[in-house]
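Asks: Please find one structure pasted underneath; my questions will follow.
There are 2 protein chains.
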Amino acid sequence: MELKRAAEGEKGFEKVFAFLRERLLAGSLKPGDRLISERELATLLGVSRPIVREALRALTVLGIVEIRDRIGTVVTQPDVSVLNDFFTFALAQQADMLDDVMQARVAIECQAIRLACERANIADFERLQRALAKIGETIDEADAGGMADFEFHRAIVVASHSETLMVLHGSLAGLLTHSHRSRRELVQAFPSMKTYLIDDHRRIFDAIIARDPERADATLRKHFAIGDEYRRRAVVGDIDRTSASG
Amino acid sequence: MELKRAAEGEKGFEKVFAFLRERLLAGSLKPGDRLISERELATLLGVSRPIVREALRALTVLGIVEIRDRIGTVVTQPDVSVLNDFFTFALAQQADMLDDVMQARVAIECQAIRLACERANIADFERLQRALAKIGETIDEADAGGMADFEFHRAIVVASHSETLMVLHGSLAGLLTHSHRSRRELVQAFPSMKTYLIDDHRRIFDAIIARDPERADATLRKHFAIGDEYRRRAVVGDIDRTSASG
DNA sequence: GGTCTGATCTTGGTCAGACCAGTAGGCTAA
DNA sequence: TTAGCCTACTGGTCTGACCAAGATCAGACC
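So the sequences go chain by chain: C and G. Note that my numbering numbers the first sequence so that position 214 is 214, with each residue one more than the last. Numbers given in my numbering equal positions in the second sequence, counted from 1, plus 1000.
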């Protein structure tokens, strides 16, 4: 049935979106490629231009393509920054999602550190070393400290040389920054956290240098656990009883 | 007279998007609320309806609102599943990345199995049990066997009760179905794989039942490693020397 | 011959008005 | 009162048009 429903049974928007998704997933549309013009796309798929624009706009907010005024629409390198939009909205109402996303972060980093132990090269070590040093230097600054912390963890993922892990980790970064920030703010209140932060990252670094995946994973996992513990105790005002860091 | 010059100076789409974002972040638009009609929104902001639709479509792909045909646009509860689109696109553009994507899958599942050890309930156990049984039943069938294999691993992630991990795993799964298939095809050629497949999954299941995260993680990790080993040896035609499974 | 300039084509950005198809709610008729 | 219809409203879409500015290339100028 349905006379106007073109070849596929999808609605206008879905049709265009599906058409583009197909090409994008199949690889016939790669980053850097320029799409055909909106008008052509419209006539090609038998829909109106506003519909095409809806689909392109959808892909834009997904960070898949970029609409350049008077130039055309080009496929972009997947850019995780768009996810900030989503996170911003989502966090505005559903703050409990943070813990859940943190699980994914732990997953990514623990796998990354294992790979890093196998694959890390001199450049990776140096990056980790720099980040480690920075953590020490900025231990008293909330903002810079959080940044240094993030850079260290990011360096771990980079050292894994796994593009996929980097993409996923980058995606979660939006949430992590919040987390890192608030964690750092605890430092001001609880001096014992300084030791935890510096020593823990040092141990993690050492494990990578030693190329010991099991130890690295375990150390990193413990690092996260202790961080959780700190935050939990901070809520109830009880801190400085975290002895089991070794 | 600068007719189309927007009051705020933003382009049409940005204006509408910003307008809605404001209300959403401020909380004056909460999940469940219904937006005013597209027409009203258009006249209210001094833009055309197609522009309003672009903005609404953008919010739709971000999972913030839902456009209901002939009903209206309502604010939805944010959920991470919208990231599925993004990840699918983003990961698809790394063509040779199958092995790399596998790393992410290992990451997700190993974290999931740890959480599963803590959080799994009876229903989860039952689902795992069913999947385990199915693996045994379909050990000689490539297609059904691959499906059963996937279901078991999926059940692990579901048992983690982490929405984020489920979403990520779901995204990766699509890219790895091929992998499952080809692995299963090895079974026909190398009988020793039957034992590996059945016993390994059994051990994984047992570890979850025992609620032992470390053992579960290690067992699952070994499971993946052995699978890799099989495939590697299959390439060079040398198989059935995989003694180092214990 | 080579370079600069400008008209023209093309592209995205937007608008206005229109029609369709269901949905919801009020109104009418039984 | 109640069943059923009618209409206003909603999203879904199309058509055709105009604008502004980058891209292109012919023709003028050096």
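Positions of the beta carbon are idealized from the N, C-alpha and C atoms, including for glycine.
If the criterion is Cβ atoms closer than 8 angstroms, does the pair serine 1160 of chain G and alanine 1207 of chain G meet it?
Replies: Contact: no.
Asks: Does the beta carbon of proline 1212 of chain G come closer than 8 angstroms to any beta carbon on chain C?
Replies: Residue identity differs from the one stated: residue 1212 of chain G is aspartate in this sequence, not proline. Cβ-Cβ to chain C under 8 angstroms: no for aspartate 1212 of chain G.
Asks: Measuring only the C-alpha atoms, how far is aspartate 1143 of chain G from proline 1031 of chain G?
Replies: Between aspartate 1143 of chain G and proline 1031 of chain G, the C-alpha separation is close to 42 angstroms.
Asks: Excluding the 5 residues preceding and the 5 following histidine 153 of chain C in the sequence, name in chain order all residues of the same chain whose CB lies nearer than 7 angstroms to its CB.
Replies: Taken in chain order, the residues that qualify are Glu109.
Asks: How would you label lysine 15 of chain C, buried or exposed, when you count the other beta carbons within 10 angstroms and need 16 or more for buried?
Replies: The residue is buried, with at least 16 neighbouring Cβ atoms inside 10 Å.
Asks: Could you tell me which of C:Ile122, C:Tyr230, C:Phe150, C:Ala18 sits nearest to proline 191 of chain C, measuring between CA atoms?
Replies: The candidate whose alpha carbon is nearest that of proline 191 of chain C is C:Tyr230.
Asks: Please classify leucine 62 of chain C as buried or exposed, where buried requires at least 16 neighbouring CB atoms within 10 angstroms.
Replies: Flag for leucine 62 of chain C reads buried.
Asks: Would you kindly check if the distance between the Cβ of glutamate 38 of chain C and the Cβ of arginine 1253 of chain G is under 8 angstroms?
Replies: Since the displayed chain G opens at 1001 and closes at 1246, residue 1253 of chain G lies outside it and no answer follows.
Asks: Can you look up glutamate 72 of chain C in the DSSP assignment and give me helix, strand or coil?
Replies: The sequence given here places glycine at residue 72 of chain C; glutamate does not occur at that position. It is a strand residue.
Asks: Is DSSP giving arginine 1119 of chain G helix, strand or coil here?
Replies: Of the three classes helix, strand and coil, the one that applies to arginine 1119 of chain G here is helix, per DSSP.
Asks: For threonine 195 of chain C, which option in C:Ile139, C:Asp96, C:Phe89, C:Arg114 has the closest C-alpha, if you only look at C-alpha atoms?
Replies: Considering only alpha carbons, the answer is C:Ile139.
Asks: Beta-carbon separation of isoleucine 305 of chain C and threonine 73 of chain C under 8 angstroms?
Replies: Coverage of chain C is limited to positions 1 through 246, which leaves residue 305 of chain C absent and any answer about it impossible.
Asks: By the three-class DSSP mapping on this structure, what secondary structure does valine 1065 of chain G have?
Replies: Looking at valine 1065 of chain G - three-state DSSP - the assignment turns out to be strand.
Asks: Would you tell me roughly how many angstroms separate the C-alpha atoms of alanine 1133 of chain G and isoleucine 1204 of chain G, rounded to the nearest one?
Replies: Spanning the two alpha carbons is a distance of roughly 13 angstroms.
Asks: Report all residues from its chain with a CB closer than 7 angstroms to the CB of threonine 1060 of chain G; omit the five preceding and five following residues, and keep chain order.
Replies: So the qualifying residues of the chain are Glu1066, Ile1067.
Asks: Whose C-beta lies closer than 6 angstroms to the C-beta of leucine 128 of chain C among residues of the same chain, with five residues either side of it excluded?
Replies: The residues are Ala155, Phe205.
Asks: Pull out every residue of the segment 1113 to 1138 of chain G whose Cβ sits closer than 8 angstroms to any Cβ of chain C, in chain order.
Replies: Cβ contacts with chain C: Leu1115.
Asks: Measuring straight from C-alpha to C-alpha, what distance separates serine 1048 of chain G and leucine 1083 of chain G?
Replies: About 29 angstroms.
Asks: Could you please tell me which residues of the segment 31 to 50 of chain C, in chain order, have their CB closer than 7 angstroms to any CB of chain G?
Replies: Within the segment 31 to 50 of chain C, the qualifying residues are Pro31, Pro50.
Asks: On a CA-only basis, which of G:Ala1216, G:His1169, G:Asp1199 is nearest alanine 1120 of chain G? Give me that one, please.
Replies: Of the listed residues, the one whose Cα sits closest to alanine 1120 of chain G is G:Ala1216.
Asks: Compare the C-beta of glutamate 1141 of chain G with all C-beta atoms of chain C and state if any pair is closer than 8 angstroms.
Replies: Output row for glutamate 1141 of chain G: interface = no.
Asks: Judging by CA-CA distance, which residue of C:Ala107, C:Arg70, C:Ala26 is the nearest neighbour of threonine 1088 of chain G?
Replies: Comparing Cα positions, the closest option is C:Ala26.
Asks: Within the segment 1021 to 1053 of chain G, note down every full alpha helix (DSSP H) run reaching 4 residues or more, in order along the chain.
Replies: Correct list: 1038 to 1045.
Asks: In this structure, how does DSSP classify glutamine 129 of chain C when only helix, strand and coil are distinguished?
Replies: Three-state result, glutamine 129 of chain C: helix.
Asks: Under 8 angstroms Cβ to Cβ from isoleucine 135 of chain C, same chain only, skipping five residues before and after it: list those, please.
Replies: Here the set comprises Gly145, Ala148, Asp149, Phe152, Leu197, Ile198, His201.
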